[in-house]
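Here the structure is laid out as structure tokens; the discussion comes afterwards.
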Amino acid sequence: MEMVIRLKKIQEFARERMAFDPTGHDYWHADRVAKLAKALYIADYGESNTEALIIIEAAAYLHDTIDDKLVSDIIFSQMEVEQLLDALHLSPASRENILFTIQHMSYSKNLTTQYELSVEGQYVQDADRIDALGAIGIARTFAYGGHANNEIYNPKIPVIDVQNKDDYRNHPSTAINHFHEKLLKLEHSMNTEAGKEIAHERTLFMRQFLDQFMAEWQGNI
Numbered sequence: 002m003e004m005v006i007r008l009k010k011i012q013e014f015a016r017e018r019m020a021f022d023p024t025g026h027d028y029w030h031a032d033r034v035a036k037l038a039k040a041l042y043i044a045d046y047g048e049s050n051t052e053a054l055i056i057i058e059a060a061a062y063l064h065d066t067i068d069d070k071l072v073s074d075i076i077f078s079q080m081e082v083e084q085l086l087d088a089l090h091l092s093p094a095s096r097e098n099i100l101f102t103i104q105h106m107s108y109s110k111n112l113t114t115q116y117e118l119s120v121e122g123q124y125v126q127d128a129d130r131i132d133a134l135g136a137i138g139i140a141r142t143f144a145y146g147g148h149a150n151n152e153i154y155n156p157k158i159p160v161i162d163v164q165n166k167d168d169y170r171n172h173p174s175t176a177i178n179h180f181h182e183k184l185l186k187l188e189h190s191m192n193t194e195a196g197k198e199i200a201h202e203r204t205l206f207m208r209q210f211l212d213q214f215m216a217e218w219q220g221n222i
């Protein structure tokens with residue numbers, strides 16, 4: 002099966018499942034992750050390894066289709082993804098690479114155990130985390146915060162040091178707290194040199210936003 006046909010089928014699958022997501026994890030998030038991960042990989046390795054590129058794009062488009070904060074039936078969702086990959090006639094190694102990446106790349110999965118991803122998986126993980134930063138990251142933070150019924154900010158709700166998935170998902174928080182509890186730390190978790198550079202630039206932008214937010218919150222002129 003030609004690469005372009007495989008990619009189209011993957012995109013259609015992701016679009017059907019994520020098109021109307023209101024949390025910042027919609028199809029367009031996956032599309033940005035796929036494009037950035039591919040661009041970062043090509044900058045380092047070139048375009049000759051088409052199998053690596055389809056692994057990257059597949060993992061990027063599919064990574065949120067099995068996220069337990071977004072789907073109600075993880076087992077069924079994983080089965081659907083496996084059926085899609087079988088239909089694409091990928092090599093067994095590529096199929097397993099994609100599945101391992103999307104099952105182990107998330108921030109919450111790596112809070113207590115650091116999973117070692119493949120080279121392709123590392124580019125997808127970097128791109129996914131970069132999309133949580135900068136202007137897009139700010140917009141996505143407030144989209145998810147609203148969906149989760151979190152306040153924008155409340156100085157009576159303290160920032161905590163998130164240690165595990167339960168802390169991450171269930172402790173009382175605000176949109177602004179999320180920057181300090183997770184987002185500002187992401188630049189230090191990048192796998193690739195280009196990822197580190199982009200993440201640093203976007204983190205600086207977020208710090209400027211937070212400085213401006215707090216100045217306005219405090220009523221400074």
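Residue numbers for the sequence shown follow the numbering used here, beginning at 2 and rising by one.
From the three backbone atoms N, C-alpha and C, an ideal C-beta is built for every residue, glycine too.
Residue environment, residue i, which counts as buried when at least 16 other CB atoms sit within 10 Å
i: residue 106; result: buried
i: residue 75; result: exposed
i: residue 205; result: exposed
i: residue 180; result: buried
i: residue 149; result: exposed
i: residue 208; result: exposed
i: residue 31; result: buried
i: residue 66; result: buried
i: residue 136; result: exposed
Beta-carbon proximity list for residue i, same chain, < 7 angstroms, skipping 5 on both sides
i: residue 192; result: 123, 126 and 127
i: residue 172; result: 161
i: residue 147; result: none
i: residue 182; result: 160, 161, 163 and 174
Nearest residue (CA-CA) to residue i, options the options
i: residue 39; options: 79, 8 and 168; result: 8
i: residue 98; options: 76, 140, 70 and 52; result: 52
i: residue 186; options: 19, 41 and 201; result: 201
i: residue 4; options: 23, 45, 49 and 25; result: 49
i: residue 34; options: 58, 190 and 157; result: 58
i: residue 42; options: 165, 134, 220 and 194; result: 194
i: residue 132; options: 157, 115, 100 and 184; result: 184
i: residue 116; options: 219, 190 and 20; result: 190
i: residue 23; options: 78, 100 and 145; result: 145
Contact set for residue i: own chain, Cβ-Cβ below 8 angstroms, skip 5 residues either direction
i: residue 235; result: What the structure shows of the chain is the stretch from 2 to 222, and residue 235 is not part of that stretch, so it cannot be assessed.
i: residue 167; result: none
Close beta carbons around residue i, own chain, < 6 angstroms, minus the five adjacent residues each side
i: residue 143; result: 176
i: residue 80; result: none
i: residue 169; result: 109 and 163
i: residue 188; result: 200, 201 and 204
i: residue 152; result: 175
Alpha-carbon spacing of residue i relative to residue j, whole angstroms
i: residue 112; j: residue 163; result: 8 angstroms
i: residue 14; j: residue 54; result: 18 angstroms
i: residue 37; j: residue 27; result: 16 angstroms
i: residue 159; j: residue 130; result: 24 angstroms
i: residue 69; j: residue 217; result: 36 angstroms
i: residue 87; j: residue 199; result: 35 angstroms
i: residue 62; j: residue 155; result: 35 angstroms
i: residue 138; j: residue 85; result: 30 angstroms
i: residue 29; j: residue 214; result: 27 angstroms
i: residue 92; j: residue 16; result: 24 angstroms
i: residue 210; j: residue 140; result: 11 angstroms
i: residue 196; j: residue 178; result: 24 angstroms
i: residue 83; j: residue 72; result: 16 angstroms
i: residue 94; j: residue 104; result: 15 angstroms
i: residue 212; j: residue 25; result: 23 angstroms
i: residue 20; j: residue 44; result: 29 angstroms
i: residue 96; j: residue 165; result: 29 angstroms
i: residue 78; j: residue 157; result: 39 angstroms
i: residue 220; j: residue 46; result: 50 angstroms
Closer than 7 angstroms to chain B by CB, residue i
i: residue 27; result: The structure shown contains no chain B, having only a single protein chain.
Any chance you could list the alpha helix (DSSP H) runs of at least 4 consecutive residues sitting entirely within the segment 92–150, in chain order? The qualifying runs are 93–105, 120–131 and 135–148.
What are the uninterrupted segments assigned as alpha helix (DSSP H) that are 4 or more residues long and contained completely in the segment 151–183, given in chain order? Entirely contained in the segment 151–183, the alpha helix (DSSP H) runs reaching 4 residues are, in chain order, 166–171 and 176–182.
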